[in-house]
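Residue numbers (our numbering): -11 to 270.
What follows is one structure encoded as structure tokens, with my remarks underneath.
Now the structure itself:
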């Protein structure tokens, strides 16, 4: 069992890991995507102390280089569920199950999940994954202008796009079919998506794309009762949630100011207090 598991490797998670290591904790970090989080999508940063002007990816690389220099164990896995069992925190991922005395959630913001279907192989980036479905038929679930652009992009590569969209919409592309319906179920076999069942029809599909906008990536811990209706987590001055030994930091925390520097600060605060909690338990 680990002393501390950190979920996420953006500015908050990286700093939490650094301070946890300095506190001599036995740590595991879990991150499903590129280290640095949303930093990787920021073209230019002018307000991070010590750097007059730096790109987001470059700052993320510097953060990650520091993290790697400390030999902190890390696994590239997606967290699916976080449970509390007799004061032991259990983390279930797509690859395994891990246990810890304390948890720091620093998962940041990400694409909103399709509720009820989080366990399926869903594509959240048309630009990244469209080529995997060349000549095939896919379902796109979306509710924003970016999803409309993704439908057009997909239609240039795949055979057909079924576009589940709530509201009036017309796209003049022969291979885009707009669906105004309620999705009931997705049929899959051995991890492969086969069929989408709606209230009024069924369609055979080879893949599923989703673009429902972005929000806090806290879907895996909703059952704990630490998130609000929008998925944000409320913490105290120690970055601790309403459950002892579970901390949160960064963009998933409900607050007024969202900046890189205060995310990093929150990571340090969370790790230092997690260390106190672990030592109190030992």
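Just so it is clear, CB atoms sit at the ideal spot from N, CA and C, and this is done for glycine as well.
Along the beta strand (DSSP E) that carries residue 87, what are the first and last residues, could you check? 85 to 93
Based on the DSSP secondary-structure assignment, which residues constitute the bridge partners of residue 151? 128, 166
Short Cβ contact (8 Å threshold) for residue 80 with residue 68: yes
Endpoints, the beta strand (DSSP E) within which residue 136 is located: First-last for residue 136: 133 to 143, but that is the alpha helix (DSSP H), not the beta strand (DSSP E).
Can you name, in chain order, every residue of its own chain whose Cβ lies under 7 Å from the Cβ of residue 119, other than the five neighbours on each side? 145
Separation of residue 151 from residue 139, as counted between CA atoms: Spanning the two alpha carbons is a distance of roughly 7 Å.
Extent of the continuous beta strand (DSSP E) to which residue 208 belongs: No beta strand (DSSP E) contains residue 208, which DSSP labels as neither H nor E.
Residue 172: buried (16+ other C-beta within 10 angstroms of its C-beta) or exposed? Result: exposed.
Using DSSP with H/G/I as helix, E/B as strand and the rest coil, what is residue 10? helix
Beta strand (DSSP E) segment containing residue 199, residue limits: 195 to 199
Three-state secondary structure assigned by DSSP to residue 283: Nothing about residue 283 can be reported from this structure: the residues present for the chain run from -11 to 270 only.
Can you give me the Cβ contacts of residue 5 inside the same chain, cut-off strictly under 7 Å, excluding the 5 residues immediately before and after it? If we look at residue 5 and ignore the five residues flanking it on each side, its Cβ neighbours are -6, 15, 17, 55, 60.
Quick one: what does DSSP say residue -5 is sitting in, helix, strand or coil? Three-state DSSP puts residue -5 in a strand.
Give the straight-line distance between the Cα atoms of residue 196 and residue 85, rounded to the nearest whole angstrom. 27 Å
Could you tell me the distance, in whole angstroms, from the CA atom of residue 63 to the CA atom of residue 134? In a straight line, the C-alpha of residue 63 is about 31 Å away from that of residue 134.
Helix, strand or coil, according to DSSP, for residue 276 in the structure here? What is shown of the chain runs -11 to 270, which leaves residue 276 out entirely.
Compare the C-alpha of residue 163 against each of 128, 210, 184 and name the closest. 128
Could you check where the alpha helix (DSSP H) with residue 46 kicks off and where it finishes? 44 to 57
Assign residue 108 to one of three DSSP states: helix, strand, or coil. Residue 108 falls in the coil class under three-state DSSP.
Taking contact to mean at least 3 C-beta pairs separated by less than 8 Å, is the segment 104 to 112 in contact with the segment 32 to 42? no
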